[in-house]
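To start, the structure itself, in structure tokens.
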Amino acid sequence: MLLAGRYDLAVAPMTSYPRGFHTRTVRREPLRIALSQTDPLARRTSVKLATLADRLFEVWPRDMAPGFYDSVVGTCRTAGFEPSLDEQAAGNTVWGNLTRGRGVALINASPAEQLPRGITLVDLAPPTATLIYDAVWHQGQRPLIQRSLHVAAQLANEEGWP
Numbered sequence: 003m004l005l006a007g008r009y010d011l012a013v014a015p016m017t018s019y020p021r022g023f024h025t026r027t028v029r030r031e032p033l034r035i036a037l038s039q040t041d042p043l044a045r046r047t048s049v050k051l052a053t054l055a056d057r058l059f060e061v062w063p064r065d066m067a068p069g070f071y072d073s074v075v076g077t078c079r080t081a082g083f084e085p086s087l088d089e090q091a092a093g094n095t096v097w098g099n100l101t102r103g104r105g106v107a108l109i110n111a112s113p114a115e116q117l118p119r120g121i122t123l124v125d126l127a128p129p130t131a132t133l134i135y136d137a138v139w140h141q142g143q144r145p146l147i148q149r150s151l152h153v154a155a156q157l158a159n160e161e162g163w164p
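Counting in my numbering, the sequence shown runs from 3 upward without gaps.
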């Protein structure tokens, strides 16, 4: 949509973009483990990611969210394992699977208050992982884009976002 000129600016998890795109990081957010409240790990305050190496990971398909997908897979690889992925799930299916105790997920921490009933978030034990959000644009340094980036930087400063 950016290439087609339908949008001037997007915010998305960091990934690679085609030639000619510009990016600027606007937020970093910790990743946390989402799982069923009935999972024995749900009672812990933190879990080492390598503990989940034999679990199925619920993840939105790469074509839906390439930056998010790449962050999840890369984080698992850094922890020393190749994740077993359920790439058929999307949207509410992911939440339903987690609620029923099918698999785990890595998600950004901010939607903690909006999670469906039956899902809990557990912190990653060190080493932690971060999801990086970029502002992305294709068409030069237009005033609207520059103003938006300035406002995003102000908001990040006011909110104390890393």
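We put the CB at the ideal spot given by N, CA and C, even for glycine.
Owing to the predicted nature of the structure, the values given are computational and were not obtained by experimental measurement.
Looking at the unbroken beta strand (DSSP E) that takes in residue i, where does it start and where does it end?
i    : result
F59  : L58 to E60
L87  : S86 to D88
Y135 : T132 to W139
D10  : Per DSSP, D10 belongs to no beta strand (DSSP E) and is neither H nor E.
D125 : I121 to L126
Where residue i and residue j are concerned, what is the direct C-alpha to C-alpha distance, given to the nearest angstrom?
i    : j    : result
F70  : P15  : 6 Å
V49  : R34  : 9 Å
G76  : S112 : 20 Å
F23  : R144 : 13 Å
L5   : Q141 : 8 Å
W139 : G103 : 39 Å
L146 : L11  : 9 Å
L126 : D56  : 16 Å
A154 : T132 : 19 Å
I1   : G7   : Residue 1 lies beyond the stretch modelled for the chain, which goes from 3 to 164, so this question has no answer here.
T25  : V13  : 9 Å
P32  : H152 : 23 Å
Y19  : A81  : 25 Å
W97  : I134 : 22 Å
C78  : Q116 : 25 Å
Buried or exposed: residue i, going by 16 or more other Cβ atoms within 10 Å of its Cβ?
i    : result
G162 : exposed
E60  : buried
S73  : buried
G105 : buried
A114 : exposed
N159 : exposed
A107 : buried
V28  : buried
A52  : exposed
Y9   : exposed
L157 : exposed
D41  : buried
D65  : exposed
Could you spell out where the alpha helix (DSSP H) holding residue i opens and where it closes?
i    : result
V106 : Element bounds for V106: n/a, residue is neither H nor E.
L151 : P145 to E161
D72  : P68 to T80
Would you mind giving the Cβ-Cβ distance between residue i and residue j, rounded to the nearest angstrom? I have them listed as a contact below 8 Å.
i   : j   : result
P85 : T17 : Not confirmed; about 17 Å, so no contact.
L43 : D88 : Contact flag wrong, Cβ pair sits at about 18 Å.
Residue ranges of each alpha helix (DSSP H) within the region 13 to 60, 4 or longer: none
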